[in-house]
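Before any comments, here is the structure.
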Amino acid sequence: MKGKWLEYTVDQFFIGITLEELLKDTLSISGRRIQKLTRSKGLYVNNKKSYLNKKLKEGDIVKVRIEESVTDKVKPQAMDLDIIYEDEWLLIVNKPAGLKVYQTNKEDNLTLANGIQYYYEDKGIVSGVHFVHRLDTNTSGAIMIAKNSYAHHLLAKQLTANQIKRQYLAIVDGELNELTGTIDLPIAKLASAVNRRTVHKTGDQAITNYAVVKQNKRFAVVEVTLETGKTHQIRVHFSHIGHPLIGDTLYGGPSNKTISRQALHSHKISWLDFENMQLRTVVAEIPNDIHELMNSIDLDS
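Rendered as structure tokens:
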């Protein structure tokens with residue numbers, strides 16, 4: 658069988674359900690796509706072409722062809738990628754600060770998306786670039802990319818269900834009174850500035866959890882976990898409560914000679930592994946400029 662195939666072994670909990678029910682309810686494949694797979698001979702049970710109303714038995718091996726469109730692929734660009742995790746469904750890259758995630762115009766070919774596309778073509782992977790979430794240009798750290806549209810669909814569902822945990826390291830101005838807390842404030846676009854966001858009652862719900870790792874009278878190192886993923890969420894929330902990120906001059910943060918960007922790093926990312934649905938965690942190494950900043954403010958670990 659040529660191409661990429663998803664393989665699923667039926668266990669005792671799914672005895673007696675139909676192939677169509679398994680595809681829709683367990684594998685989250687849409688009815689439209691199921692019909693397309695049926696017409697294109699993309700469904701097999703125990704290596705034999707099967708029908709949607711077939712009732713499944715324990716031990717049956719279901720194979721589904723994963724079709725991938727690459728009509729929207731970006732221009733490939735050779736790039737040194739710090740890949741910190743990879744399997745057949747996804748990869749996670751430790752993105753350096755200063756690198757855009759995706760193109761903002763057709764002439765912009767030096768983005769992470771261009772580097773991923775080059776990597777795919779070099780490895781013989783037929784796919785467009787599917788980011789599961791985004792990072793600001795000047796935020797470093799772990800970013801997840803699905804290797805095909807089906808994996809992207811499943812990971813997007815995990816993200817919506819808050820099953821993907823994203824943990825950041827931020828260095829903020831001032832000493833926080835509460836060592837742990839939740840910032841639950843809506844975020845909206847700022848009408849007077851296209852690239853800025855603000856806390857406003859008309860905005861979308863945004864929830865940020867934090868825990869102070871270490872602090873002194875002037876600064877704090879904070880571990881941040883997102884429940885939502887709004888643009889500039891961490892930056893806006895901490896600025897609003899009077900503790901803007903160091904280097905984040907867009908939101909009132911103090912500049913510092915040891916760092917030329919906001920002190921924010923995507924440190925850990927966790928998700929449910931497709932094979933066993935167990936939580937898997939990957940850590941992105943903290944970059945030198947963050948370490949140097951912590952050392953300069955006497956908060957280096």
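When we follow this note's numbering, the leftmost residue of the sequence shown carries the number 658, and every step to the right adds one.
The C-beta atom is built at its ideal place from N, Cα and C for all residues, glycine as well.
Worksheet entry | Residue environment, I903, which counts as buried when at least 16 other CB atoms sit within 10 Å | One-based indexing of the sequence shown puts residue 903 at position 246. Counting Cβ neighbours within 10 Å, I903 comes out buried, since at least 16 surround it.
Worksheet item: If you follow the beta strand (DSSP E) that R722 is part of, which residue opens it and which one closes it?
Response: As a first step, residue 722 must be located in the sequence shown, where it is residue number 65. Per DSSP, R722 belongs to the beta strand (DSSP E) from I718 to I723.
Practice prompt. Put G838 into one of helix, strand or coil per three-state DSSP.
Written response: Indexing the sequence shown from 1 puts residue 838 at position 181. When DSSP states are grouped into helix, strand and coil, G838 belongs to the strand group.
Discussion item. I want to know whether the region 895 to 902 touches the region 688 to 703 - three or more CB-CB distances under 8 angstroms.
Written reply: Between the region 895 to 902 and the region 688 to 703 there are fewer than three inter-stretch CB-CB distances shorter than 8 angstroms, so the stretches are not counted as touching.
Worksheet entry | Stretch-stretch touch, CB-based, cutoff 8 angstroms, three pairs: the region 688 to 697 with the region 710 to 719 | Here the region 688 to 697 makes no contact with the region 710 to 719; the two share fewer than three CB pairs at distances below 8 angstroms.
Fill in: Cβ shell of R722 (< 7 angstroms), same chain only, five flanking positions each side left out
Here residue 722 refers to the residue found at position 65 when the sequence shown is read from its first residue. Excluding sequence positions up to five before and after R722, its CB lies within less than 7 angstroms of the CB of G660, W662, L694 and G699, all in the same chain and listed in chain order.
Worksheet item: Roughly how many angstroms lie between the CA atoms of A813 and K804, to the nearest whole one?
Response: For the purposes of this step, residue 813 is identified with residue 156 of the sequence shown, where counting begins at 1. For the purposes of this step, residue 804 is identified with residue 147 of the sequence shown, where counting begins at 1. For A813 and K804, the distance between alpha carbons rounds to 13 angstroms.
Fill in: Residues that DSSP places opposite I916 in a beta bridge
The residue given as residue 916 occupies position 259 in the sequence shown. In DSSP, I916 forms a bridge with N913.
Discussion item. Could you check whether V750 and S791 sit closer than 7 angstroms to each other, using their CB atoms as the reference points?
Written reply: In the sequence shown, the residue the question calls residue 791 occupies position 134. In the sequence shown, the residue the question calls residue 750 occupies position 93. The displayed chain sequence assigns Arg, not Ser, to residue 791. No, they are not a contact pair.
Worksheet entry | Option in M934, K846 and Q760 with minimal Cα separation from V962 | Missing from the structure shown is residue 962; the chain here goes from 658 to 958 and no further.
Discussion item. Which same chain residues end up closer than 7 angstroms to P911 when comparing Cβ atoms and leaving out the 5 residues on each side of it in sequence?
Written reply: On the sequence shown, position 254 is the one that residue 911 refers to. Sequence-distant Cβ neighbours of P911 in its own chain, meaning closer than 7 angstroms and more than five residues away, are D830 and I903.
Item to complete: Can you say whether N762 is buried or exposed, counting buried as having 16 or more other CB atoms within 10 angstroms of its CB?
Response: Here the question's residue 762 lines up with position 105 in the sequence shown. By the neighbour-count rule (16 or more Cβ atoms within 10 Å), N762 is not buried but exposed.
Worksheet item: Which word fits D668, buried or exposed, when buried means at least 16 other C-beta atoms lie within 10 angstroms of its C-beta?
Response: As a first step, residue 668 is located in the sequence shown; it is residue number 11 there, counting from the start. Exposed is the call here.
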